[in-house]
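Colleague:
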Amino acid sequence: QLILDTLDDKTAINDTRDLTLPGQSGPAVSHDAQITILGALNSLLSRDMISYETHEISSHILTPEGAQIINEGSHEARVWSALPEKGAGPPLSPLQLKKQVGDETAKVGQGRAFKNGWIGKDGDGLVKLISMIQDDTQIDLQEISSTGTLKSGEKVLADLRKRKLIIQRKGQWFSVQKGPSFSTSTAKPETDLTADMLTSGAWKTSTFKKYNFEAEGVPVDSGALHPLLKVREEIRSIFLEMGFAEMPTAAFVESGFWCFDALFVPQQHPARDLQDTFYLSDPAKSLLPEPNYYKLVSTIHEHGGFGSTGYRAPWNHEESTKLLLRTHTTASSAHMLYKLAAKCRGEEVGGGEGEDTHGTSMTAGNPGKGEHDDGFRPAKLFSIDRVFRNETMDATHLAEFHQVEGVVADRGLTLADLIGFMRVFFKKMGIEQVRFKPAYNPYTEPSLEIFAFHPMLNRWVEVGNSGMFRPEMLEPMGFPKDVRVHGWGLSLERPTMIRYGINNIRTLVGHKVSLEGIKNSPAVMF
Ligand code: PHE
């Protein structure tokens with residue numbers, strides 16, 4: 007309103023520093039005042055009520071030390087006033103002066119007061135030489151504080167800057183003219199042309215807000231990948247770049263045989279309890295696997311074989327044919343390993359290089375020249391898919407989650423290969439510090455739990471489970487004795503939650519998922 011009224015009165019404002027803002031005693035010379043004016047100018051400009059030009063200036067503001075001088079006088083003035091006039095009292099020793107005005111003030115002020123001829127020596131002490139002084143430093147700083155500059159010029163300003171009493175700051179002021187829609191009324195312009203305005207004729211006199219063609223507009227609504235899918239893709243590409251082939255994992259429903267028996271999990275194992283596994287009621291029974299293999303597996307469980315004593319408990323056919331939701335993707339790995347060993351069992355395999363569902367060969371390499379070909383080909387396989395467990399749900403557990411699983415089969419693999427492999431694998435996931443702890447799995451020996459150091463939590467957290475598959479599991483499939491298979495598994499949810507800072511799994515999956523969070527989460531995290 008002040009700008010509009012001034013323009014109405016004077017046609018133009020040559021320098022906005024001449025304005026006096028409401029509630030202020032002096033003109034708007036300060037930096038803050040010009041910022042306030044700029045806000046008003048832009049608002050009026052957008053309504054075409056004015057136009058303005060910007061003028062750059064460098065202005066100065068006081069440092070805290072400079073501000074102190076305005077209140078208490080300069081260092082030299084403080085030194086001067088602490089001293090007695092010559093003859094009027096005992097002179098002050100430099101030490102006494104320090105005590106009175108402080109070290110810093112005495113140090114800086116003495117030199118300047120001497121130079122100004124304000125004080126002098128009297129014996130060993132110091133005295134005033136004149137009875138009145140003019141504190142120019144204080145006066146200059148007062149001027150700078152209210153105008154941002156000094157009439158007396160740059161030389162003094164430079165000196166005050168060197169004394170760290172003021173600092174330079176870029177400033178602006180403006181000159182203002184009337185615009186095409188100038189009026190002294192700041193009534194809000196209309197944003198819409200309404201039917202009412204048309205019928206009443208009010209549109210003729212209304213002012214309308216200008217279109218802002220520079221506005222960025224509302225973000226376009228679009229689909230977004232769920233964080234789990236993003237991390238799955240990241241892990242998938244780690245496997246692919248390490249030469250792994252992806253296993254088919256579409257079968258969520260497995261039999262007790264493939265989920266447990268083939269992996270040498272005892273039929274009485276607690277993991278198979280109703281509390282832990284979801285069993286199907288319709289259909290409830292699976293078809294049997296190939297009879298020779300089935301016979302071998304059941305015999306090893308019951309009586310042992312291939313160097314194993316077995317579990318020495320009666321074989322339960324029922325248990326083996328139960329249908330269930332797979333509790334781990336190792337069930338799918340078991341299928342694939344059985345398939346990988348087909349040639350070793352002497353079966354005819356189509357395609358020559360081993361069967362494969364993805365059009366690429368699952369296995370690599372040929373036996374060396376002159377070696378006996380027992381049909382085995384090394385393989386590196388992985389999968390990332392869902393598994394189901396009958397868990398009590400809480401912040402970190404759901405009844406379904408994703409497992410990441412890797413399996414490597416080759417002759418003469420050792421535990422060191424597994425450990426080395428996992429170091430590389432986790433490093434590629436951005437996890438540099440890993441530790442291994444002996445663990446137990448019915449199907450692997452030795453088994454290792456993998457711990458990673460979590461820098462944000464500042465502690466070691468379990469990130470996976472691994473091991474060398476047992477001969478009791480591999481040899482019935484038909485693998486030659488020197489073939490070792492190691493494998494490891496981890497959940498997809500845990501690294502995703504850590505990555506995206508999610509601490510409740512129920513905001514990641516299920517009906518409480520935040521769609522906003524999914525849309526706004528970064529495409530890639532490093
Ligand atoms: N199946 C194991 C689990 O569910 C992971 C694992 C896979 C362990 C392969 C060893 C070998 O935790």
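Going by full-length UniProt numbering, the residue at position 77 of the sequence shown is 83; the numbering climbs one at a time, nothing skipped. Where is the CB? At the ideal position from N, CA and C, for every residue including glycine. Remember, it's a predicted structure, so these values are computed and weren't measured experimentally.
#1: Verify the contact flag: N447, CB atom, against every heavy atom of ligand 1, threshold strictly below 7 angstroms.
#2: Kindly indicate if chain B contains any beta-carbon less than 8 angstroms away from that of H334.
#3: Applying the criterion that 16 or more other CB atoms from any shown protein chain within 10 Å of the CB defines a buried residue, is K345 buried or exposed?
#4: Within this structure, are the beta carbons of V182 and I19 separated by less than 8 angstroms?
#5: If you measure between the beta carbons of V355 and A347, is that distance less than 8 angstroms?
#6: Tell me the start and end of each unbroken alpha helix (DSSP H) in the segment 431-494 that is at least 4 residues and wholly inside, in chain order.
#7: Would you mind giving the Cβ-Cβ distance between P233 and S31, rounded to the nearest angstrom? I have them listed as a contact below 8 angstroms.
#8: Identify whether A290 lies in helix, strand or coil by the three-state DSSP scheme.
#9: Do G473 and T450 have their C-beta atoms closer together than 8 angstroms?
#10: When we look at the beta-carbon of P82 and count the other beta-carbons within 10 Å, is it buried (16 or more) or exposed?
#11: Is E260 closer than 8 angstroms to R332 when the C-beta atoms are compared?
#12: Does the Cβ-Cβ distance between A88 and L103 come in under 8 angstroms?
#13: Measuring from the CB of W264, is there a heavy atom of ligand 1 at a distance below 7 angstroms?
#14: Using 8 angstroms as the threshold, is the C-beta distance between L171 and I75 below it?
#15: Beta carbon of M203, beta carbon of S212: below 8 angstroms?
#16: If you measure from the CB of T336, is any heavy atom of ligand 1 nearer than 7 angstroms?
#17: Is it a yes or a no for the segment 193-202 touching the segment 491-503, going by three-plus beta-carbon pairs under 8 angstroms?
#18: Could you have a look at S57 and say whether DSSP puts it in helix, strand or coil?
#19: Mind checking who W179 pairs with in its DSSP beta bridge?
#20: Mind reading off the beta-carbon distance from S389 to M503? Whole number of angstroms is fine, and I expect it under 8 angstroms.
#21: Can you have a look at H364 and say buried or exposed, based on whether 16 or more other CB atoms are within 10 angstroms of its CB?
#22: Report all residues from its chain with a CB closer than 8 angstroms to the CB of Q40; omit the five preceding and five following residues, and keep chain order.
#23: Taking the alpha-carbon positions, what's the M342 to A221 distance?
Modeller: Let me lay it out:
#1: Working through the sequence shown from its first residue, we reach residue 447 at position 441. Within the cutoff, so yes.
#2: Here there is only one protein chain, and chain B is not present.
#3: Stepping through the sequence shown from its first residue, residue 345 is reached at position 339. Around the beta carbon of K345, 16 or more other beta carbons sit within 10 angstroms, so the residue counts as buried.
#4: Here the question's residue 182 lines up with position 176 in the sequence shown. Here the question's residue 19 lines up with position 13 in the sequence shown. Yes, Cβ-Cβ distance for V182 and I19 is below 8 angstroms.
#5: Translated into positions along the sequence shown, residue 355 becomes position 349. Translated into positions along the sequence shown, residue 347 becomes position 341. No, these two residues do not count as a Cβ contact at 8 angstroms.
#6: Taken in chain order, the complete alpha helix (DSSP H) segments of 4 residues or longer contained in the segment 431-494 are 477-483.
#7: For the purposes of this step, residue 233 is taken as residue 227 along the sequence shown, with counting starting at 1. For the purposes of this step, residue 31 is taken as residue 25 along the sequence shown, with counting starting at 1. Their Cβ separation, rounded to whole angstroms, is 58 angstroms, which puts P233 and S31 out of contact at 8 angstroms.
#8: If you number the sequence shown from 1, residue 290 lands on position 284. For A290, the three-state secondary structure derived from DSSP is coil.
#9: Here residue 473 is taken as the residue at index 467 of the sequence shown, counted from 1. Here residue 450 is taken as the residue at index 444 of the sequence shown, counted from 1. With a cutoff of 8 angstroms on beta-carbon distance, G473 and T450 are scored as near each other.
#10: Looking up residue 82 in the sequence shown gives position 76. For the record, residue 82 in the displayed sequence is Glu; it is not Pro. Its Cβ being crowded by 16 or more others within 10 Å, E82 is buried.
#11: Numbered from its first residue, the sequence shown carries residue 332 at position 326. Numbered from its first residue, the sequence shown carries residue 260 at position 254. Yes.
#12: Indexing the sequence shown from 1 puts residue 88 at position 82. Indexing the sequence shown from 1 puts residue 103 at position 97. Taking 8 angstroms as the Cβ cut-off, A88 and L103 qualify as a contacting pair.
#13: By one-based count along the sequence shown, residue 264 stands at place 258. Flag unset: Cβ of W264 not near ligand 1.
#14: By 1-based counting over the sequence shown, the position of residue 171 is 165. By 1-based counting over the sequence shown, the position of residue 75 is 69. Their beta carbons are under 8 angstroms apart, which means L171 touches I75 by this criterion.
#15: Position 197 of the sequence shown, counting from 1, holds the residue named residue 203. Position 206 of the sequence shown, counting from 1, holds the residue named residue 212. With contacts defined by Cβ atoms closer than 8 angstroms, M203 and S212 form a contacting pair.
#16: For the purposes of this step, residue 336 is identified with residue 330 of the sequence shown, where counting begins at 1. Taking non-hydrogen atoms of ligand 1 into account, the C-beta of T336 is found less than 7 angstroms away from one of them.
#17: The way I'd put it, the segment 193-202 doesn't touch the segment 491-503; fewer than three beta-carbon pairs between them come closer than 8 angstroms.
#18: Walking along the sequence shown from the start, residue 57 turns up at place 51. In the structure shown, S57 sits in a strand (DSSP, three-state: E or B).
#19: Locating residue 179 in the sequence shown gives position 173, counting from the first residue. In the DSSP output, where bridge partners are listed per residue, W179 has H61.
#20: Position 383 of the sequence shown, counting from 1, holds the residue named residue 389. Position 497 of the sequence shown, counting from 1, holds the residue named residue 503. Going by Cβ atoms, the distance from S389 to M503 rounds to 20 angstroms, so no, they are not a contact pair.
#21: Here the question's residue 364 lines up with position 358 in the sequence shown. Caution applies to H364, whose pLDDT of 44 falls short of 50 and renders its modelled position unreliable; the model cannot decide the point.
#22: Position 34 of the sequence shown, counted from the first residue, corresponds to residue 40. The answer, listed in chain order, is T22, R23, A34, G177, Q178, W179, F180.
#23: Here residue 342 refers to the residue found at position 336 when the sequence shown is read from its first residue. Here residue 221 refers to the residue found at position 215 when the sequence shown is read from its first residue. For M342 and A221, the distance between alpha carbons rounds to 57 angstroms.
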